[in-house]
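Participant: Dropping the structure in here first, questions after.
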């Protein structure tokens, strides 16, 4: 899986850049008979698992395809609601593909702002002088790395536990930021990053590592 996500947070704590790598391992496809065995509901124009677990599909997963057809805004391409198809027993068996629900941009802004505050608290609580703050948080399936520059900008990487030398990767991402963002005469500090050259080179760098 390697690197999963990259975030850049301004010195004020605002999210100014985010990038997600495609993660097919977070998708599960299976054939279902009636009854489905899962309780689905429509949330924010998505069909989401409310109750039940089956074939590795868990609560919170979102329906992304029905019989090979993509599901967008709760509907398949002909405009029919996915829930309409699934509530009709005559349509079974059906092939369904679910994916782990992605965090929305508003949720990312809120969560990374919270991390910015927690990072500052960790620096204050550290018994060592000139503490570098939180550098790595480890979970059972991923690690959360943070590199803060001397100007206070934070570079954050969410990576698979097997990914090696992430600290070096963070510094290389910082170098790309310096080359393609800071040297861009049209970019203003602490503003959202919309630089195609930076995004393209970052994606290429992640895929190579």
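Numbering (the numbering used here), first residue to last: 6 to 214. Even for Gly, the Cβ is constructed at its ideal location relative to N, Cα and C. Quick caveat, the model's predicted, so the values are computed rather than measured.
1) Who are residue 24's beta bridge partners in DSSP?
2) In angstroms with no decimal places, state the Cα-to-Cα distance between residue 51 and residue 64.
3) Is residue 37 near the ligand NAD, in the sense that its beta carbon is under 8 Å from a heavy atom of that ligand?
4) Please confirm whether residue 160 and residue 139 have their CB atoms less than 9 Å apart.
5) Taking only runs that begin and end inside the segment 92-165, name each unbroken alpha helix (DSSP H) of 4 or more residues, in chain order.
6) Where does residue 56 land, buried or exposed, given buried means 16+ other C-beta within 10 angstroms?
7) Using the rule of at least 16 other Cβ atoms within 10 Å of the residue's Cβ for burial, across every protein chain shown, is residue 80 buried or exposed?
8) Measuring straight from C-alpha to C-alpha, what distance separates residue 130 and residue 158?
9) Check each candidate in 117, 191, 154, 103 and name the one with the smallest Cα separation from residue 176.
10) Could you give the distance in angstroms between the alpha-carbon of residue 34 and the alpha-carbon of residue 99?
11) With distances taken from CA atoms, which of 70, 78, 116 is nearest residue 102?
12) With a Cβ-Cβ cutoff of 9 Å, do residue 23 and residue 9 count as a contact?
13) Kindly indicate which residue of 61, 32, 26, 88 has the alpha-carbon position closest to the one of residue 45.
14) Locate the alpha helix (DSSP H) running through residue 185, then write down its first and last residues.
15) What residues match up with residue 36 in a beta bridge as DSSP calls it?
16) Can you tell me the Cα-Cα spacing of residue 109 and residue 164, whole angstroms?
Facilitator: Taking the coordinates as given:
1) For the purposes of this step, residue 24 is taken as residue 19 along the chain shown, with counting starting at 1. Paired residue(s): 11.
2) If you number the chain shown from 1, residue 51 lands on position 46. If you number the chain shown from 1, residue 64 lands on position 59. Taking the straight line from one Cα to the other gives about 13 Å.
3) For the structure depicted, the ligand NAD is absent and the ligand set is empty, with no information on it obtainable.
4) By one-based count along the chain shown, residue 160 stands at place 155. By one-based count along the chain shown, residue 139 stands at place 134. Against a cut-off of 9 Å, the Cβ pair of residue 139 and residue 160 comes out as no contact.
5) 110-130
6) The residue given as residue 56 occupies position 51 in the chain shown. By the 10 Å Cβ count, residue 56 comes out exposed.
7) Locating residue 80 in the chain shown gives position 75, where the first residue counts as 1. Flag for residue 80 reads buried.
8) Residue numbering aside, residue 130 sits at position 125 when the chain shown is read from its first letter. Residue numbering aside, residue 158 sits at position 153 when the chain shown is read from its first letter. The straight-line gap from Cα to Cα measures roughly 20 Å.
9) Position 171 of the chain shown holds residue 176. Answer by Cα proximity: 154.
10) Here residue 34 corresponds to residue number 29 of the chain shown, with the count starting at 1. Here residue 99 corresponds to residue number 94 of the chain shown, with the count starting at 1. Distance between the alpha carbons of residue 34 and residue 99 is about 11 Å.
11) The residue you call residue 102 lines up with position 97 of the chain shown. Ranking the options by Cα distance to residue 102, first place goes to 70.
12) One-based indexing of the chain shown puts residue 23 at position 18. One-based indexing of the chain shown puts residue 9 at position 4. No.
13) In the chain shown, counting from the first residue as 1, residue 45 sits at position 40. Nearest C-alpha to residue 45: 88.
14) On the chain shown, residue 185 is found 180 positions in, with the first residue counted as 1. Looking at the DSSP string, residue 185 is not in any alpha helix (DSSP H), and its letter there is neither H nor E.
15) For the purposes of this step, residue 36 is identified with residue 31 of the chain shown, where counting begins at 1. The partner list for residue 36 (beta bridge, DSSP) reads 100.
16) The residue you call residue 109 lines up with position 104 of the chain shown. The residue you call residue 164 lines up with position 159 of the chain shown. Looking at the two C-alpha atoms, the distance is approximately 19 Å.
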